[in-house]
Amino acid sequence: MKLKILFGLVAVYTIVNILVIRFIGGLSSYLLNIALWSTFFLATVVLSNIEDNINLFKWRLNREVLFNAILFGVIQVAVLILAGFYLGFGLSPYAPNPISMLLNILYFTTMLLGLEFSRAYLIEGFNRKRVYVIIVGISIIYTFLNIPLAKYISIYSTSGLIIFLGSVFLPSLAKNIFATFLVITGGPLASISYLGILYIFEFLSPILPDLPWTVNSLIAI
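In my numbering, the protein residues as written are 793 to 1013.
In structure tokens form, the structure reads like this:
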């Protein structure tokens, strides 16, 4: 059953990064992304409930962990803003009009639901004695699947690889390690709360800190 979810996750990643990005653009691209992640999220919730009798909404739900997850998200955004005051801000690459903002909200919300509920279901059932193996293994899988395929195929040199590792891979790995830890201790709603705050700032703020990749990486890690 868990292999089906993992296969579905890889399938969504492949469709989004190869078919949608390469052959479909504009509004249709957004809508297809939203439809894919919504379907994957619903399939994860329904199958986990039917086949394993698990309510992922309540699984390991811990209000203290949930509060701390929100707090960490707010602190990370505050540090980014503070760094922006010292190093400068730039305009957001995302269009600020209401329709684009709504599409962005639907996009990152459905993606978060799909990723974090599937992360929780893959973690469920593992022995807590192997918690470090779970954190590392799941985090690596989700790190690779969080990074757009275009980022991998754009690496042409050693310096490009170093920049990719420092600016993309390691920050994403750190974020996924923390998200996996939050799921283990507080359920998927905890990781969604933490990551959701970061996505809200990234997608909805009209200006964003214009930081060198080295500084951005240090804050993320």
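We treat Cβ as the ideally placed atom computed from N, Cα and C, and that holds for glycine.
| Query | Result |
| --- | --- |
| Thinking C-beta only, is V804 closer than 8 Å to W829? | yes |
| Could you name the residues that DSSP lists as bridge partners for F881? | P1001 |
| Among V871, E908, I989, A835, whose alpha-carbon lies nearest the alpha-carbon of G978? | E908 |
| CB-CB under 8 Å to Y986, same chain, minus the five flanking residues each way: which ones, in chain order? | A861, I862, F864, G865, F970, A971, L974 |
| Rounding to the nearest angstrom, what Cα-Cα distance links T831 and Y991 in this structure? | 21 Å |
| Check the C-beta distance from L883 over to I999 and give it rounded, since I have them as a contact under 8 Å. | 6 Å |
| In whole angstroms, give me the CA-to-CA distance for I807 and S997. | 28 Å |
| Counting only runs that start and end within the segment 928-1011, where is the alpha helix (DSSP H) found for 4 or more residues in a row? | 941-945, 950-956, 962-978, 980-996 |
| May I have the straight-line CA-CA distance separating E916 from G880, to the nearest angstrom? | 43 Å |
| Please give me, in chain order, every unbroken run of the alpha helix (DSSP H) with length at least 4 that falls completely inside the segment 809-874. | 818-844 |
| Indicate the three-state DSSP secondary structure (helix, strand or coil) for N896 in the structure shown. | helix |
| Let me know if R911 comes out buried or exposed under the rule of 16 or more other beta-carbons within 10 Å of its beta-carbon. | buried |
| Within 10 angstroms of its Cβ, does F1019 collect 16 or more other Cβ (buried), or is it exposed? | Only positions 793 to 1013 of the chain appear in this structure, which leaves residue 1019 out of reach. |
| Quick one: residues in its chain with C-beta nearer than 6 Å to the C-beta of T902, no 5 flanking neighbours on either side, listed in chain order? | I826, W829, S830 |
| State the Cα-Cα distance for the pair V960 and A870, rounded to the nearest angstrom. | 20 Å |
| Less than 8 Å between the C-beta atoms of I947 and L941, yes or no? | no |
| What three-state label does DSSP hand F799 in the structure shown? | helix |
| Go ahead and pull the three-state DSSP assignment for P890. | helix |
| Only counting the same chain, and skipping five residues up and downstream in sequence, which positions put a Cβ closer than 6 Å to that of F918? | I926 |
| Going by other Cβ atoms of all chains shown within 10 Å of its Cβ, with 16 needed for buried, is N878 buried or exposed? | Correcting the residue identity first, residue 878 is Tyr in this sequence and not Asn. Y878 comes out exposed. |
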